[in-house]
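If you're matching positions, the sequence shown starts at 1 in the working numbering and goes up one per residue.
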Amino acid sequence: MNKENKKLTIVSGDGKDLEISPVYEHLKNERPKCNKKPTHIVVPKSEEDNKSEEDSDKPEQNRTLIALIFIRLYKVQRTLYNLIFFPFLVVNFTKIT
Numbered sequence: 001m002n003k004e005n006k007k008l009t010i011v012s013g014d015g016k017d018l019e020i021s022p023v024y025e026h027l028k029n030e031r032p033k034c035n036k037k038p039t040h041i042v043v044p045k046s047e048e049d050n051k052s053e054e055d056s057d058k059p060e061q062n063r064t065l066i067a068l069i070f071i072r073l074y075k076v077q078r079t080l081y082n083l084i085f086f087p088f089l090v091v092n093f094t095k096i097t
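Set out below in structure tokens:
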């Protein structure tokens with residue numbers, strides 16, 4: 001490698017008089033312009049989106065049905081308990097008295 005000392009020149013001023021490569025102008029012209037107006041893109045719903053919304057309601061419906069089934073089973077169990085064991089209690093009390 002050849003090491004050569006390069007001298008830097010300090011220039012005072014705002015730099016308008018400097019000759020700068022036109023590459024910067026080319027890049028400036030190719031840069032995309034920014035519109036300050038927002039663009040609103042409307043995406044229509046597809047059938048798959050509608051199906052996913054219906055599927056999201058199914059777990060809630062399933063939980064509701066399971067809760068209703070458990071309530072019904074509890075009532076049936078309580079009724080059976082009263083039908084089976086309550087007469088024995090009455091019989092036992094009648095024997096004691």
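Think of the CB as a built atom: it goes at the ideal place given N, C-alpha and C, for glycine as much as any other residue. Predicted, not measured: the structure shown is a model, and the values here were computed from it.
Put residue 5 into one of helix, strand or coil per three-state DSSP.
Along the sequence shown, one-based indexing puts residue 5 at 5. Coil at residue 5, not helix or strand.
Expressed to the nearest angstrom, what Euclidean distance is found between the alpha-carbon atoms of residue 6 and residue 14?
One-based indexing of the sequence shown puts residue 6 at position 6. One-based indexing of the sequence shown puts residue 14 at position 14. Answer to the nearest angstrom: the Cα atoms are 23 Å apart.
How many Å lie between residue 60 and residue 78 at the Cα?
Taking the sequence shown and counting its residues from 1, one reaches residue 60 at position 60. Taking the sequence shown and counting its residues from 1, one reaches residue 78 at position 78. One C-alpha to the other measures close to 27 Å.
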